[in-house]
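What follows is a single structure, written as structure tokens, with notes after it.
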Amino acid sequence: MFEQFIRWIKTEIEPPPPWGAYHWAMLALTAAGMVALFALSPRLRERPRLVRVLTNCFGGLLLALEVFKQLFYSVHVGESGVYWEYPWHIFPWQFCSTPAYACLALFFLPKGRLRGYVCCFLGTYGAFGGATVLLHPHVVLIEYWFVNIHTMIWHMSLVLVGVLQWAGGTIPKTLRAFWGGTAVFALFALVALVLDFSLPQLAEEGFNMFFISPYAPCTILFLQELWQSAPYPVFLAVYLIGFAAIAAAIFAAVHGGCALAGLVRKKVRRIKKK
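In case it helps, numbering that gives the first Met the number 0 puts the sequence shown at residues 0 to 273.
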């Protein structure tokens, strides 16, 4: 029975094309979730406990999905039965893996400055990672139906848990909050860097955390050629500064948009009173 389940879940299909029906359906679900969260923003801000519970639920979902993914790639069926063989390229410390750990950390962190930093990370860096893959899924849509469902739910969740932080008002409107979120990103990146430098022997097996290993090629769009042509320190600096710049743009755009929306609401109220 177990062998049959493994064979079934590893059934191969024709990979769904980017911008095909499946991709559009996942984008539509993501957009609907974002609209719903922003529409519920006033209620969410009045109920911070609910925001915390929902964030924990997203974290639990992400951790469960990660466990299933690890088992999917590690458990195989051969002529002699079921066996375990771990592919190191799926080690769970990629950039898009870290929001799961951030959500887990929030489960234990009390209300305060540090919690705001982690929420800022989810709303900027985490949401950016999810949106990037959702909009450019060329590498992640493969021949396994389970992986295709997993990857879309995963990255959709990254976007939604990030939007939840904005809608729920958990991200402070200060530059200190942004730099705190950036410090969280830097900590995750530092761990990835230590892993990459400590385990060069695994590079041939695709071990490349955050895709910043000096021993394995970077496959991120726009950074592939830079990894090949530029000195490694230059590549790493561009990678880190580039991610921080995009996160800063998200931080500024959302706070600016919220401020503008607030002004519009106030003006509408004044007009109604007249």
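Heads up, the beta-carbon is just placed ideally off N, CA and C, and yes, glycines get one too.
CB contact flag (residue i, residue j, <7 Å)
{"i": "Phe-177", "j": "Ile-8", "result": "no"}
{"i": "Leu-125", "j": "Pro-91", "result": "At residue 125 the sequence reads Gly, which differs from the Leu that was named. The answer is no: Cβ separation not under 7 Å."}
{"i": "Ala-202", "j": "Ala-191", "result": "no"}
{"i": "Thr-29", "j": "Val-158", "result": "yes"}
{"i": "Thr-150", "j": "Val-139", "result": "yes"}
{"i": "Ile-211", "j": "Leu-235", "result": "yes"}
{"i": "Ala-166", "j": "Leu-36", "result": "yes"}
{"i": "Gly-122", "j": "Gln-164", "result": "yes"}
{"i": "Phe-57", "j": "Val-132", "result": "no"}
{"i": "Leu-64", "j": "Trp-153", "result": "yes"}
{"i": "Val-117", "j": "Ala-130", "result": "no"}
{"i": "Leu-61", "j": "Ser-156", "result": "yes"}
{"i": "His-137", "j": "Pro-17", "result": "yes"}
{"i": "Lys-172", "j": "His-88", "result": "no"}
Element boundaries [alpha helix (DSSP H), containing residue i]
{"i": "Trp-83", "result": "That residue, Trp-83, is in no alpha helix (DSSP H); its beta strand (DSSP E) goes 80-83."}
{"i": "Leu-135", "result": "Leu is not the amino acid found at residue 135; the sequence shown has His there. Counting along the chain, His-135 falls outside any alpha helix (DSSP H), and DSSP gives it neither H nor E."}
{"i": "His-88", "result": "Neither: His-88 is in no alpha helix (DSSP H) and is coded neither H nor E."}
{"i": "Gly-32", "result": "20-38"}
{"i": "Ile-5", "result": "1-8"}
{"i": "Cys-102", "result": "97-107"}
Neighbourhood of residue i by C-beta, 7 Å cutoff - its chain only, sequence neighbours within 5 removed
{"i": "Phe-120", "result": "Ala-101, Gly-180, Val-183 and Phe-184"}
{"i": "Leu-194", "result": "Trp-92 and Met-208"}
{"i": "Arg-44", "result": "Gly-167 and Gly-168"}
{"i": "Ala-247", "result": "Phe-177"}
{"i": "His-135", "result": "Leu-220"}
Bounding residues of the beta strand (DSSP E) (the contiguous stretch that carries residue i)
{"i": "His-75", "result": "74-77"}
Own chain, CB closer than 8 Å to residue i, minus 5 neighbours either side, in chain order
{"i": "Glu-13", "result": "Glu-142"}
{"i": "Ile-5", "result": "Val-74, His-75, Val-76 and Val-81"}
{"i": "Glu-280", "result": "Outside the displayed span of the chain (0 to 273) sits residue 280, for which this structure offers no information."}
Exposed unless 16 or more other CB atoms sit within 10 angstroms - verdict on residue i
{"i": "Trp-226", "result": "buried"}
{"i": "Leu-240", "result": "Sequence inspection shows Ile at residue 240; the Leu mentioned does not correspond to that position. So Ile-240 counts as exposed."}
{"i": "Tyr-231", "result": "exposed"}
{"i": "Gly-115", "result": "buried"}
{"i": "Val-233", "result": "exposed"}
{"i": "Pro-109", "result": "exposed"}
{"i": "Ala-206", "result": "What sits at residue 206 in the sequence shown is Phe, not Ala. That one is buried."}
{"i": "Phe-250", "result": "buried"}
Cβ-based neighbour list, residue i, same chain, cut-off 6 Å, excluding 5 preceding and 5 following
{"i": "Cys-95", "result": "Gly-128"}
{"i": "Ile-245", "result": "Phe-127"}
{"i": "Pro-86", "result": "Tyr-72"}
{"i": "Pro-199", "result": "Tyr-214"}
{"i": "Glu-11", "result": "Glu-142"}
Below-7 Å beta-carbon distance, residue i vs any chain C residue
{"i": "Gly-167", "result": "Of the protein chains in this structure there is only one, and it is not chain C."}
Cβ-heavy atom distance, residue i to the ligand SAH, below 6 Å
{"i": "Gly-125", "result": "This structure simply doesn't include the ligand SAH, nor any ligand for that matter."}
Exercise for the section: Please list the segments of the alpha helix (DSSP H) lying wholly inside the region 183-235, counting only runs of 4 or more residues, in order along the chain. Expected result: DSSP runs (the alpha helix (DSSP H)) wholly in the region 183-235: 223-228.
Handout entry: 4 or more residues per run - each alpha helix (DSSP H) lying fully within the region 109-181
Key = 112-120, 126-134 and 144-166, all fully within the region 109-181.
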